[in-house]
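The numbering used here applies: residue -5 is where the sequence shown begins, and numbers increase by one. Using N, Cα and C, we set each Cβ at its ideal position, and we do this for glycine too. In this text, all values refer to a predicted model and were calculated from it rather than measured experimentally. To start, the structure under review is shown below, and the notes come after it.
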Amino acid sequence: RATVVVPTPIALEMARKGRIVADAGEVITDGDLRAIAEMVPQMDRLDIVDITDSSLCGDEAIDCLLKALFGKVTLKLLRLTGCRGTGRMSIGRITSLLGDGLPTLKKLDLGGVRIASSLLLPLCEAVEKHLTLRSLSIADCGLGHDPSRVSCISNLLRAPRLEDLDLSWNCLPKETFEALGAAVCETEVLHTLCISNCTGSRTEDGEAPINSFLECLSGDKSLTKLDITSNTLDHLGAFVLEDALAKHAKLEELQISNNPLGIIGMRSFLRLLCSETSGLLRFACENCTSRGTGECASLDPDASVEADGEEQEEEDLNEEEGSRRRKTQPEQRVGGAEMFDATFPAGRYKLSLRKASDRAALRLLYKTCERFGIAAEKAFRELEYSEGSYGHAQKDYLGIFSVPSGGILNFVFSLDEAMSSARFAPPSAGKAAPRGGQPPPALADPAVDFLS
């Protein structure tokens, strides 16, 4: 007994245009999808299938439409964003389509679709083998709760053409961030990565879990845009990112809004903008006060602006006073990365090298020695390492200082030799060298105010 499907005006209009797109305000039902599925084989060309936010459609109806798409070589975009009815049948069908049913698909968007643990890894494996897929969104799919999440990320980033990946709104632990960072460094095609709203917690060391990922970016050579919005990134996370992106020539745009960076954290990004070796050109930083994003909302916007202004003025004064004390009493300054001052890094340090921010501080101190031509043995004094003898860091094949990832390192960092050399340097030391002459001494760098 045959089932008669009567197409609705919505389905007929989509078939006439050759594009299955759910316009804003249109309500698509199971009957519409089944009618469209019956008409798909008669369409000469089908470029787009977009049924975003079709919350009334069930798994069987969505699967019926997907089944009809098999072999549509012209299809470039498949978007099921917000289709909460997408279930096991539909996800299994998409995995099959990625195998050989849609050989020219370029963009797949499954944002907001919950994917069962048993189906997520096969889907990611299918993505890895697809030869034309350039953009993928699996935001809010439950990746963070999947036991195979590390394998899933590795599979995704081995896709030969994947340039744009959205993993936002998946709760990721520190270990997964580390795996993501390692995988990003291995790929050479990924240009855009979105991992917004992926963590709201802290590690046992008090850091944001995303710091482990940010530290890995020093080895990346392909990203041009990164979105890390709303990941509880504080000034220490900004410090890690400053170290990692110091020589990243391709990353041009950062989205860092809704992170409690504060003034100190913002300075890290401003220094990156001024750096000649960093490729950063712009960054979005809305709601990045030190109080955190949750306290910024106010029914009276004028009152909010006034409160923010008062807090910023107070923080500026405190930082200025702290900077003055550090420059006049460097030996009394003791701490980890939170005590690092880019304008005057001398002082007594106690670094927990389990923390990404403290490892970043140690690398920056070695960079300071390198910039001013000071031997590490002379700058690092009174060294004490909890793991035994300590050997000074050396650069790896990427030009990155390799530092230990564990133990407690105590030392005094001194710039006495650099300051003495600069104080007694001839007046011409800070001037540009004449044509054909030698470059000016590295110690006479006017960008560092503690030598002026």
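For this session: Just tell me which of K361, L377, S129 has its CA closest to the CA of A238.
Result: That would be K361, whose Cα lies nearest to the Cα of A238.
Problem set entry | C-alpha gap between F64 and L117, whole angstroms | Whole-angstrom Cα-Cα distance: 16 angstroms.
For this session: Taking the CB atoms as reference points, tell me whether V183 and A202 lie closer together than 9 angstroms.
Result: Result no, Cβ atoms of V183 and A202 do not sit closer than 9 angstroms.
Problem set entry | Where the beta strand (DSSP E) containing R73 begins and where it ends | That run of the beta strand (DSSP E) goes 71 to 73.
Exercise. Looking at C-beta atoms only, is the number of pairs between the segment 276 to 284 and the segment 249 to 256 that lie closer than 8 angstroms three or more?
Worked result: Taking 8 angstroms as the limit for Cβ pairs, the verdict is that the segment 249 to 256 does touch the segment 276 to 284.
For this session: Give a yes or no on whether the C-beta atoms belonging to L266 and L217 are separated by under 9 angstroms.
Result: Not in contact: L266 and L217 (Cβ atoms no closer than 9 angstroms).
Exercise. Which two residues bound the contiguous beta strand (DSSP E) that contains N404?
Worked result: Element bounds for N404: 402 to 407.
Problem set entry | Coil, strand or helix - I147 by DSSP | Note: I147 maps to helix in three-state DSSP.
Exercise. Taking Cβ positions, are L40 and K66 nearer each other than 9 angstroms?
Worked result: In this structure, K66 lies closer than 9 angstroms to L40 by Cβ.
Exercise. What is the DSSP secondary structure of G286, reduced to helix, strand or coil?
Worked result: The predicted model places G286 with a pLDDT of 42, which falls under 50 and marks its position as unreliable; any figure quoted below should be read in that light. The answer is coil: DSSP assigns G286 none of H, G, I, E or B.
For this session: Assuming S262 and H242 form a contact by the criterion Cβ under 8 angstroms, report the distance between their Cβ atoms to the nearest whole angstrom.
Result: The pair is not a contact, with the Cβ atoms about 14 angstroms apart (cut-off 8 angstroms).
Problem set entry | Where the alpha helix (DSSP H) through T170 begins and ends | Its alpha helix (DSSP H) spans residues 168 to 180.
Exercise. What's the C-alpha gap between V43 and D24?
Worked result: Taking the straight line from one Cα to the other gives about 15 angstroms.
Problem set entry | Length of the line joining the Cα atoms of H229 and E332 | A direct Cα-Cα distance of roughly 8 angstroms separates H229 from E332.
Exercise. For G194, which residues from the same chain have a beta carbon less than 7 angstroms from its beta carbon, with the 5 sequence-adjacent residues on both sides left out?
Worked result: T226, listed in sequence order.
Exercise. Just to confirm, are R73 and L99 a CB contact at a threshold of 9 angstroms?
Worked result: Cβ distance not < 9 angstroms, so R73 and L99 don't count as in contact.
Exercise. Could you check where the beta strand (DSSP E) with V121 kicks off and where it finishes?
Worked result: Unbroken run through V121 is the alpha helix (DSSP H), 111 to 123; no beta strand (DSSP E).
Exercise. Do you know offhand how far L137's Cα is from C165's?
Worked result: Rounded to whole angstroms, L137 to C165 spans 7 angstroms at the Cα level.
Exercise. By how many angstroms is the C-alpha of E122 removed from the C-alpha of A5?
Worked result: Our two residues, A5 and E122, have alpha carbons roughly 33 angstroms apart in a direct line.
Problem set entry | DSSP-derived helix/strand/coil call for S251 | Secondary structure at S251: coil, using DSSP grouped into helix, strand and coil.
Problem set entry | Cα-Cα separation between R13 and R196, rounded to whole angstroms | Taken atom to atom, the span from the alpha-carbon of R13 to that of R196 is near 46 angstroms.
Exercise. CB-CB under 6 angstroms to G231, same chain, minus the five flanking residues each way: which ones, in chain order?
Worked result: The beta carbon of G231 sits closer than 6 angstroms to those of A202, N205, all from its chain and outside the five residues before and after it, given in chain order.
For this session: Hey, could you find the ends of the beta strand (DSSP E) Y360 is sitting in?
Result: Counting along the chain, no beta strand (DSSP E) covers Y360; the unbroken alpha helix (DSSP H) around it starts and ends at 350 to 366.
Problem set entry | Residue closest to A240, alpha-carbon to alpha-carbon, out of I109, A369, S190, L392 | Per the Cα distances, L392.
Exercise. Under the rule that 16 or more other beta-carbon atoms within 10 Å means buried, what is C192, buried or exposed?
Worked result: Burial call: buried.
Exercise. Thinking just about the alpha-carbon of each residue, which of M8, L159, T80, T46 is nearest to the one in V178?
Worked result: The residue with the shortest Cα to Cα distance from V178 is L159.
Problem set entry | Cut-off 6 angstroms between Cβ atoms - residues of its own chain near G286, not counting five sequence neighbours on either side | With a pLDDT of only 42 at G286, under 50, the local geometry of the prediction cannot be trusted, and no value is derived from it.
Problem set entry | For S145, the nearest candidate out of L114, L59, E411 (CA to CA) | When each option's Cα is compared against that of S145, the closest is L114.
For this session: Select from L377, L345, M83, C51 the residue whose C-alpha is nearest the C-alpha of V21.
Result: For V21, the closest of L377, L345, M83, C51 by C-alpha to C-alpha distance is C51.
Exercise. What are the boundary residues of the alpha helix (DSSP H) that includes E209?
Worked result: In the DSSP assignment, E209 falls within the unbroken alpha helix (DSSP H) covering 205 to 210.
Exercise. Between G213, K168, S190, S142, which lies nearest to A176 when the distance is taken from Cα to Cα?
Worked result: Of the candidates G213, K168, S190, S142, the one whose C-alpha sits nearest the C-alpha of A176 is G213.
Problem set entry | Three-state class that DSSP yields for I30 in the structure shown | Here I30 sits in helix by DSSP.
Exercise. If you count every other CB in all the chains shown that lies within 10 Å of the CB of H139, and 16 or more means buried, which is it?
Worked result: Under this definition H139 is an exposed residue.
Exercise. Where does the unbroken beta strand (DSSP E) through V43 begin, and where does it stop?
Worked result: For V43, the enclosing beta strand (DSSP E) covers residues 42 to 44.
Exercise. Between the Cα of C135 and the Cα atoms of K168, T80, G382, which residue gives the shortest distance?
Worked result: Comparing C-alpha distances from C135 to each of K168, T80, G382 shows the shortest one belongs to T80.
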